[in-house]
Amino acid sequence: MKWIRIPVMAAVAALTLTAGMTDAAGWTSSAPASEPRAAAPTDHTGSQGAEVVIPAGQARTAIAPCPAGREPSGGGGVRSGKGLFLTGSSPRGNAWEVKFSNKSAVERRGSAFVVCTAQSHTRVADTPLTVPAHQQSVSSFLRCPGSQVPAGGGWEATGTDVVGLRFSASTQSYHAVVFNNSNAVQSFNAVALCSTVAHEPRLGNQITVQPGDEGVATANCDPGQVASGGGSFPSGQAFIGASRALPNGTGWQITAENTTGTPQKVTAEAICTSS
């Protein structure tokens, strides 16, 4: 599969998955978190849904449900290896839904990841935007209503080749950028989950991902906080393969894969709360 290289906007990110897979419920793990912190006693718990098998060259959907009485604040997914990319990641009722596209030559496995809470959220979705074939520079900005702030978010797309690049929160808004890797026009819309409870974004250290490699970037919350969601800021064309909370829930972790011929830089973002 040929990934087309083009100039990229300032940052690229996606909510999305980690390179390792676990079978345990709760906060899933792969690469260790930097500067581990004790989990805060807040009403946010993470869980990984059932894994799905994605044959080479195909796409599949995975779901991670929240238990009764709880709803998603954010989410992403977990992948088994390189070449599996997130082509959709969004709340779906009482669950988190992700779409995977397997661009590798071998079978891969993927799971959705969801952060659940008893707190209520307002779901805000943008009007679908047109994404021309082989163009990544289409972006969407959402603003939470009133004084609400983003707790998490993602995107929905019409096809299985609209890959996430940038997904990030600011004070009251949410920003998404996608890349259309198909030969046809597609559409996408960003989705944000907004909360009346205080949340704040935290950026991690920037990492460099070499051509053909994958890299894991992390962002830690402040002491006493946990992550309700997360995203990333690539500085170039690094596609998100995985996105989820850190093992103890006190930050966010992304896996980005560099499909270009030059080094790319990536920064993870955690959306943190103490409530």
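For reference, each letter of the sequence shown is one residue, going -24 to -1, 1 to 251 in mature numbering (1 follows the signal peptide of the UniProt record, and there is no 0). Idealized CB from N, CA, C, for every residue including glycine. None of these values were measured; they are calculated from a predicted model.
Of the residues the options, the one placed nearest residue i, counting alpha carbons only
i, options, result
"residue 201", "88, 211, 246, 55", "246"
"residue 88", "73, 235, 240", "73"
"residue 94", "212, 151, 45, 157", "45"
"residue 221", "128, 132, 77, 28", "128"
"residue 64", "126, 211, 132, 171", "132"
"residue 59", "182, 51, 76", "76"
"residue 252", "51, 130, 36, 47", "The structure shown has nothing for residue 252, since the chain only spans -24 to 251."
"residue 250", "140, 34, 172", "172"
"residue 134", "152, 147, 105", "105"
"residue 197", "182, 175, 28", "175"
"residue 170", "48, 36, 34, 110", "48"
CA-to-CA distance, residue j to residue i, given in whole angstroms
i, j, result
"residue 123", "residue 32", "45 Å"
"residue 230", "residue 70", "23 Å"
"residue 145", "residue 241", "19 Å"
"residue 280", "residue 199", "Outside the displayed range of the chain (-24 to 251) lies residue 280, so it cannot be described from this structure."
"residue 154", "residue 43", "31 Å"
"residue 126", "residue 78", "30 Å"
"residue 210", "residue 92", "27 Å"
"residue 195", "residue 142", "15 Å"
Counterpart residues of residue i in DSSP-defined beta bridges
i, result
"residue 241", "184"
"residue 169", "99, 128"
"residue 92", "21, 48"
"residue 156", "138"
"residue 215", "233"
CB-CB length for residue i against residue j, believed under 8 Å
i, j, result
"residue 102", "residue 118", "6 Å"
"residue 83", "residue 39", "No, residue 83 and residue 39 are not in contact; Cβ-Cβ is about 20 Å, not under 8 Å."
"residue 116", "residue 166", "4 Å"
Proximity test, Cβ basis, 7 Å: residue i and chain C
i, result
"residue 189", "The chain inventory of the structure shown lacks chain C, comprising one protein chain alone."
Validate contact between the region 204 to 214 and the region 159 to 167 using beta carbons, cut 8 Å, 3 pairs: Contact annotation: the region 204 to 214 does not touch the region 159 to 167, with fewer than three C-beta pairs closer than 8 Å.
Any 3 or more C-beta pairs closer than 8 Å across the region 216 to 236 and the region 185 to 192: Because the criterion of three Cβ pairs below 8 Å is met, the region 216 to 236 and the region 185 to 192 touch.
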